[in-house]
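Enquirer: Before I ask anything, here is the structure I am working with.
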Amino acid sequence: TNQAPSSVVSQDTLLLSAPEPQVGYPLSWANIPAADDPISVKIPSSGVDCVASSVAKDVVVIAAKSHAGIYDLSSGETLHTLPVSAYSVHLAEGEETLFVGDGEGVVHSYDVDSGAHKCSSEAGEGCITWLGTDRAGLVIAGPGYSRKAISWDGHTSVGKYMVLDPEDLSLVRSWGCEDPSFHHSYNTATHKLISSHKGFLAVWDPDSGGKLFTGSDDSGCIYCVDSHLTERLVISGNNELQVVEWELTEQGLQILRKVELPCISGWAYGGVWSVKYSVDGDLIYCTEPQSQSIKIYNKESEKVGELKGHSDCVMKISTVPGESREILSSDRDSVSFIWSLPSSGDVDACKQELDEKVQWVGFSVGEELFATVTDNQCRLWDSVDLKVVSSVEFGGFYRSKGAFHPDGECLFLNSRMGVLVYNLQLQLLESYQGMFLVVVFKIFHCV
22 TNQAPSSVVS QDTLLLSAPE PQVGYPLSWA NIPAADDPIS VKIPSSGVDC
72 VASSVAKDVV VIAAKSHAGI YDLSSGETLH TLPVSAYSVH LAEGEETLFV
122 GDGEGVVHSY DVDSGAHKCS SEAGEGCITW LGTDRAGLVI AGPGYSRKAI
172 SWDGHTSVGK YMVLDPEDLS LVRSWGCEDP SFHHSYNTAT HKLISSHKGF
222 LAVWDPDSGG KLFTGSDDSG CIYCVDSHLT ERLVISGNNE LQVVEWELTE
272 QGLQILRKVE LPCISGWAYG GVWSVKYSVD GDLIYCTEPQ SQSIKIYNKE
322 SEKVGELKGH SDCVMKISTV PGESREILSS DRDSVSFIWS LPSSGDVDAC
372 KQELDEKVQW VGFSVGEELF ATVTDNQCRL WDSVDLKVVS SVEFGGFYRS
422 KGAFHPDGEC LFLNSRMGVL VYNLQLQLLE SYQGMFLVVV FKIFHCV
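The numbering used here puts the first residue of the sequence shown at 22, with every later residue one more than the last.
Structure (C-alpha cells):
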C-alpha cells in the first residue's frame, strides 16, 4: 500500500471488500505532535472558568468548582491550591490580587504570590459565574448557572449583580438581573455591562444598575458573551451553534454577523459554550461540546484554524494578555492547555487529532475519491495522492457510517440527529431528522 506518512494502519485494508484500488486507505491513524505543536503547556486541572496573567506575572488561575488553582504560566507547575468553592476567577489590575466567586454568592480575595486569603464579601444570591472590573476599579460579580450550559431550560433563579470595593469586598451597590442569566462581560469602550439570557442579551449601566436595552438573536439560549477590548463590539454563543457579533450603539444592540459552526450538536443542550476575541480583536475563538475543539474565525467569518487536543467539552477559553498570541482553555474532564499560536497566517493544528478511529470507508462511484467516517467527522480523500480534499464535522456517534449515491453526486451520513445528505464538496444538502440510515439507503438501492 501507499500509506501517507502520518497513517498507522491497524488492519490490512486490501483484504476488505472494495474496488480494486492502486492505493490503500487508513482505518485509523495518529498524527504525532511535532516540534511546532501549538500546545505549549498542559495543566492537569479541569475548570469552569480560567484566567491568565500577563507574561510578566506568569500565572494561570483555574476555577475547578471544588477549589481554585494558581499555576505557573510557563511550566504548568502548581503554585497554590485554594480551598474554596470556585466557579469564577478574576485578576485585579496589577495582578497582585485574585478574586474568586463561589457557588453561594460570595466573592473571596487572595494574594497571588502567597496564595493567602485576604477577605470575603457578604453572601449574595446564587452562584457567581463571572467576575470583572469596571472603570473605577470596582469588582463586579455576575450571577449565573452552576451547571453552565447543561439543562439550561431548568435554570430559573434570577440572582443579582454585586459591585464591591476591591480592598475589603464591602458592598457598594447591587441590583437584580430580572431574568435568569448565564454569563456576563464588561465592554471597556462603552463602560457598559452585558448579560446573556435565554435568547437575548441585556445591556446595563453598572454605575446605576439600570437596564438600558436588550437584543435578541432568535435562539433558545445564549450561553456566553465576550467584549472587544477597544471597540463597541460584543460576541456571543448560543444553543443554535452560532457565534453572533453585535455592535453596541446608543440606540441598542445591532447584529453585525452570524457565524454558523459546521457541525450538529447531537444533543439537546449543545451549542457554543465559550467565545473569546483575540487580544487584537482580529480573530474569534469558540468551542462547542461535540468536537471538543477550539475553532478560530477571522473578520470575514472564515474558519482559519482549529485547535484539537481536549478529550472532553471545553468549558472556557481565555487569552493571555500581551503580544504573545497565547490562549488558555479548560475542559470539564481533567486538563487545561496553553496554546502558542503563530504570529501570522492561518492556524492549522490538525496534527493534534490523536488516535482517531475510522468506522467506515467507501469509494465514490468513479473511484476518484474515498470517504472516511469517524464518530464525528467525515473526510473525502483523493484516491491518487491520499490528500484530504474536504472534511466536515457532522455530529456523528459510534455507529456512524456512510454511503455514496449511485449517481455519484452525493454522500449519505447517519448522525445522532438523523440522516444527512452532502454533495461531494461536503456541503449539506438535506437532513432527515429521526430517520434510520438503512431506510434511506434502501430507497436509493444503496444496500
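Note that beta-carbon positions come from the ideal geometry of N, C-alpha and C, so glycine has one too.
#1: Could you check the C-alpha separation between A162 and N208 for me, to the nearest Å?
#2: Which residues mark the beginning and the end of the beta strand (DSSP E) in which P427 is found?
#3: Out of curiosity, what's the CA-to-CA distance linking A84 and V72?
#4: With a cut-off of 8 Å on the beta carbons, I'd call D352 and S61 a contact; round off their distance for me.
#5: Just curious, the beta strand (DSSP E) that V72 is in, first and last residue?
#6: Cα separation between N411 and F391?
#7: Using only CA atoms, which one of W381, S240 and V110 lies nearest to V293?
#8: Quick one, are the C-beta atoms of P59 and S361 less than 8 Å apart?
#9: So within the segment 269-330, which uninterrupted alpha helix (DSSP H) runs reach at least 4 residues, ignoring any that extend past its ends?
#10: Where does D247 sit, in a helix, a strand or coil, going by DSSP?
#11: Does DSSP put G163 in a helix, in a strand, or in coil?
#12: For A223, report the span of its beta strand (DSSP E) as first-last.
#13: At the level of alpha carbons, what is the spacing between A223 and V69?
#14: Taking the CB atoms as reference points, tell me whether G145 and V127 lie closer together than 8 Å.
#15: Can H129 and V105 be called in contact, C-beta distance under 8 Å?
#16: In the structure shown, what three-state DSSP assignment does D403 receive?
#17: How far does the beta strand (DSSP E) with S412 in it extend, from its first residue to its last?
#18: In whole angstroms, what separates the C-alpha of G383 from that of T154?
#19: Report the start-end ranges of each beta strand (DSSP E) in the segment 56-120 that is 3 residues or longer and not cut off at the edges.
#20: Roughly how many angstroms lie between the CA atoms of F433 and E309, to the nearest whole one?
#21: Would you decide whether P427 is buried or exposed? Buried here means 16 or more other CB atoms lie within 10 Å of its CB.
#22: Take D238 as the anchor and find which of G258, D354 and L152 has the nearest alpha-carbon.
#23: Between L277 and L262, is the Cβ-Cβ spacing less than 8 Å?
#24: According to the Cβ coordinates, are A113 and P187 closer than 8 Å?
#25: What is the residue span of the beta strand (DSSP E) that R194 lies within?
#26: Looking at the structure shown, is D174 part of a helix, part of a strand, or coil, going by DSSP?
#27: Tell me whether C148 sits in a helix, a strand or coil according to DSSP, three-state version.
#28: Nearest CA to the CA of Y166: which residue from G197, S202, Y182 and D132?
#29: Per the DSSP calculation, A137 is bridged to which residue(s)?
#30: If I'm right that S142 touches L103 with Cβ under 8 Å, what's the distance once you round it to whole angstroms?
#31: Since E323 contacts S314 with CB under 8 Å, what's their CB separation in whole angstroms?
#32: Between L304, G429 and V255, which has its C-alpha nearest R346's C-alpha?
#33: Give the secondary structure of Q398 by DSSP, where H, G and I count as helix, E and B as strand, and everything else as coil.
#34: Is the beta carbon of K337 closer than 8 Å to that of S295?
#35: Does DSSP classify A392 as helix, strand or coil?
#36: Taking 7 Å as the limit between beta carbons, can you name the residues of its chain near H204, skipping five residues before and five after?
Expert: The structure says:
#1: As a working mapping, residue 162 is identified with position 141 in the sequence shown. As a working mapping, residue 208 is identified with position 187 in the sequence shown. Computed Cα separation, rounded: 15 Å.
#2: Numbered from 1 along the sequence shown, position 406 holds the residue referred to as residue 427. Taken as a continuous stretch (DSSP letters only), P427 belongs to no beta strand (DSSP E), as it is neither H nor E.
#3: Numbered from its first residue, the sequence shown carries residue 84 at position 63. Numbered from its first residue, the sequence shown carries residue 72 at position 51. Going from the Cα of A84 to the Cα of V72 covers about 9 Å.
#4: Counting from 1 along the sequence shown, the entry for residue 352 is found at position 331. Counting from 1 along the sequence shown, the entry for residue 61 is found at position 40. D352 to S61, Cβ: 17 Å. No contact.
#5: Counting from one through the sequence shown, the residue named residue 72 turns up at place 51. Segment D70 to A73, the beta strand (DSSP E) holding V72.
#6: Counted from its first residue, the sequence shown places residue 411 at position 390. Counted from its first residue, the sequence shown places residue 391 at position 370. For the record, residue 411 in the displayed sequence is Ser; it is not Asn. Straight-line Cα distance between these residues: approximately 11 Å.
#7: As a working note, residue 293 is residue 272 in the sequence shown. The residue with the shortest Cα to Cα distance from V293 is S240.
#8: As a position in the sequence shown, residue 59 is number 38, starting the count at 1. As a position in the sequence shown, residue 361 is number 340, starting the count at 1. Result yes, Cβ atoms of P59 and S361 sit closer than 8 Å.
#9: none
#10: One-based indexing of the sequence shown puts residue 247 at position 226. Looking at D247 - three-state DSSP - the assignment turns out to be strand.
#11: The sequence position of residue 163 within the sequence shown is 142, counting from 1. Strand.
#12: As a first step, residue 223 must be located in the sequence shown, where it is residue number 202. Start and end: F221 to D226.
#13: For the purposes of this step, residue 223 is taken as the residue at position 202 of the sequence shown. For the purposes of this step, residue 69 is taken as the residue at position 48 of the sequence shown. Going by the C-alpha atoms only, they are around 23 Å apart.
#14: For this step, residue 145 is matched to residue 124 along the sequence shown. For this step, residue 127 is matched to residue 106 along the sequence shown. Closer than 8 Å, so yes.
#15: By 1-based counting over the sequence shown, the position of residue 129 is 108. By 1-based counting over the sequence shown, the position of residue 105 is 84. Against a cut-off of 8 Å, the Cβ pair of V105 and H129 comes out as a contact.
#16: Taking the first residue of the sequence shown as position 1, residue 403 is located at position 382. D403 falls in the strand class under three-state DSSP.
#17: Here residue 412 refers to the residue found at position 391 when the sequence shown is read from its first residue. Looking at the DSSP string, the run of the beta strand (DSSP E) that includes S412 is V409 to E414.
#18: Counted from its first residue, the sequence shown places residue 383 at position 362. Counted from its first residue, the sequence shown places residue 154 at position 133. Looking at the two C-alpha atoms, the distance is approximately 55 Å.
#19: 60-64, 70-73, 80-84, 89-93, 99-103 and 109-112
#20: Numbered from 1 along the sequence shown, position 412 holds the residue referred to as residue 433. Numbered from 1 along the sequence shown, position 288 holds the residue referred to as residue 309. The straight-line gap from Cα to Cα measures roughly 24 Å.
#21: Numbered from 1 along the sequence shown, position 406 holds the residue referred to as residue 427. P427 should be labelled exposed.
#22: Within the sequence shown, residue 238 is the residue found at index 217, counting from 1. Closest by alpha carbon: G258.
#23: Numbered from its first residue, the sequence shown carries residue 277 at position 256. Numbered from its first residue, the sequence shown carries residue 262 at position 241. Contact: no.
#24: Taking the sequence shown and counting its residues from 1, the one referred to as residue 113 is at position 92. Taking the sequence shown and counting its residues from 1, the one referred to as residue 187 is at position 166. Yes, these two residues count as a Cβ contact at 8 Å.
#25: For this step, residue 194 is matched to residue 173 along the sequence shown. Where R194 is concerned, the enclosing beta strand (DSSP E) stretches over L192 to G197.
#26: Your numbering for residue 174 matches position 153 in the sequence shown. Correct three-state label for D174: helix.
#27: Translated into positions along the sequence shown, residue 148 becomes position 127. Here C148 sits in coil by DSSP.
#28: For the purposes of this step, residue 166 is taken as residue 145 along the sequence shown, with counting starting at 1. Out of G197, S202, Y182 and D132, S202 has the C-alpha closest to the C-alpha of Y166.
#29: As a working mapping, residue 137 is identified with position 116 in the sequence shown. None; A137 has no bridge partner.
#30: Here residue 142 refers to the residue found at position 121 of the sequence shown. Here residue 103 refers to the residue found at position 82 of the sequence shown. About 16 Å; that fails the 8 Å criterion.
#31: As a position in the sequence shown, residue 323 is number 302, starting the count at 1. As a position in the sequence shown, residue 314 is number 293, starting the count at 1. Incorrect: roughly 17 Å between the Cβ atoms, too far for contact.
#32: Taking the first residue of the sequence shown as position 1, residue 346 is located at position 325. Of L304, G429 and V255, the residue nearest in Cα terms is L304.
#33: Walking along the sequence shown from the start, residue 398 turns up at place 377. Q398: strand per DSSP, three-state reduction.
#34: As a working mapping, residue 295 is identified with position 274 in the sequence shown. As a working mapping, residue 337 is identified with position 316 in the sequence shown. Yes, these two residues count as a Cβ contact at 8 Å.
#35: Start at 1 with the first residue of the sequence shown, and residue 392 comes out as number 371. Strand.
#36: Mapped onto the sequence shown, residue 204 falls at position 183. If we look at H204 and ignore the five residues flanking it on each side, its Cβ neighbours are T150, W151, G165, S217, Y244, C245 and V246.
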